[in-house]
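Engineer: Basically this note's numbering = 1-based index in the sequence shown + 206.
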Amino acid sequence: MSTLIRKIGSWLPHGYGDAVKQLGLFVIAELSYEAVRGVADGARDQALVNGENVISLEKSLHTFFEPNLQAIFINHRWIIDFANYMYMNSHFVVTTVFLVWLYIFRNQHFYFVRNMFMVAMGLAILGYALIPTMPPRLFPQDGFVDTITDYAQVNHDSGLVRLFVNPYAAIPSMHVAFSTMIGATGFLLTKHRTTKVLWAFYPILVFWVVVVTANHFWIDGAVGLLVAILAAIAARSLARARPAVWSFRPATT
């Protein structure tokens, strides 16, 4: 066992101490993020108003396309099943695997991306607390279908799900924010044209997923993209404090 522990430690760029520190930062950020998402049930009335306001805004802009987009795919069960699977799994699995890969194999870039994620999650907490918003799936009268409940048999209102999923946390879409941050990072780091195309396409796929499952309006996705951009700007500013560690491409001596 001690040999295995030493071998694992040798894979870690800065040993167990730094790995535990980075994990702890993400755990604290995630707990804070989920606490705001999962406890704000008292904001239902305001969330309803804000959701209706989003629909009204999109209609006034002639961009209320989500029900029509969903209708294109709703009778193709395998497509909806794929979208549901992506929505429920990719946000955590792809993001976690990517960050672990980045930490172990591209460690010099990890700390910039970590800072970017910390800022993005902080902005999300503010958004969920200040602008609770019902997702489109809770507006069936406007033509939306809750594909997760109707096709995947996952009850959004169950006690376990509600502990981690606030139904009123639509703005911003962190599915879009996370996929944009790792998609851009993957695009910049990969050297192969095919993988560059795949990483560039990933945020577009996630945007389609959150819309076609009626979990987000397109405006939620746009705000999620803005969060990713602001987080990148903030991480770049933070890099000035520790350029040798926090820059995306630290200077080598």
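By construction, the Cβ of each residue, glycine as well, lies at the ideal position given by its N, Cα and C atoms. Note that the coordinates shown come from a computational prediction; the quantities given were computed from them, not determined experimentally.
Which one of H398, V319 and P342 has the shortest CA to CA distance from T254?
Structural biologist: Note that residue 254 is Leu in the sequence shown here, rather than Thr. Comparing Cα-Cα distances from L254 to each of H398, V319 and P342, the minimum goes to P342.
Engineer: Taking three-plus beta-carbon pairs below 8 Å as touching, is the segment 408-420 in contact with the segment 280-293?
Structural biologist: yes
Engineer: For the alpha helix (DSSP H) that contains N256, what are its first and last residues?
Structural biologist: From DSSP, the alpha helix (DSSP H) with N256 extends over R250 to S266.
Engineer: According to DSSP, simplified to helix, strand and coil, what is T301?
Structural biologist: helix
Engineer: How is the alpha helix (DSSP H) around L332 delimited, first residue to last?
Structural biologist: N313 to L336
Engineer: Can you give me the Cβ contacts of A383 inside the same chain, cut-off strictly under 6 Å, excluding the 5 residues immediately before and after it?
Structural biologist: A326, G430, V433 and A434
Engineer: Using beta-carbon positions only, say whether D348 and I261 come within less than 8 Å of one another.
Structural biologist: Against a cut-off of 8 Å, the Cβ pair of I261 and D348 comes out as a contact.
Engineer: Assuming contact is defined by CB atoms lying nearer than 8 Å, are M387 and A330 in contact in what I supplied?
Structural biologist: no
Engineer: Residues in its own chain within less than 6 Å of P456 by CB, not counting five upstream and five downstream?
Structural biologist: Within the same chain, P456 has close Cβ partners Q314 and A450.
Engineer: Excluding the 5 residues flanking A440 on each side, which residues of the same chain have their C-beta closer than 8 Å to its C-beta?
Structural biologist: N321, M322 and V325
Engineer: What three-state label does DSSP hand G365 in the structure shown?
Structural biologist: Low confidence applies here, because G365 scores a pLDDT of 45, under 50, leaving its location unreliable; read the following figure in that light. In the structure shown, G365 sits in a helix (DSSP, three-state: H, G or I).
Engineer: Would you call Y309 buried or exposed, if buried means 16 or more other Cβ atoms sit within 10 Å of its Cβ?
Structural biologist: Within 10 angstroms of the beta-carbon of Y309 lie 16 or more other beta-carbons, which makes it buried.
Engineer: Output needed for T301: all residues of its chain with C-beta closer than 7 Å, excluding positions within five of it in sequence on either side, in chain order.
Structural biologist: F384 and I388
Engineer: Quick check on the burial criterion: 16 or more other C-beta atoms within 10 angstroms. Buried or exposed for N274?
Structural biologist: With fewer than 16 other Cβ atoms within 10 Å, it is exposed.
Engineer: Would you mind stating whether Y222 and N290 have Cβ atoms separated by less than 8 Å?
Structural biologist: no
Engineer: Going by C-alpha distance, which of F454, G427, P346 and V226 is nearest A438?
Structural biologist: F454
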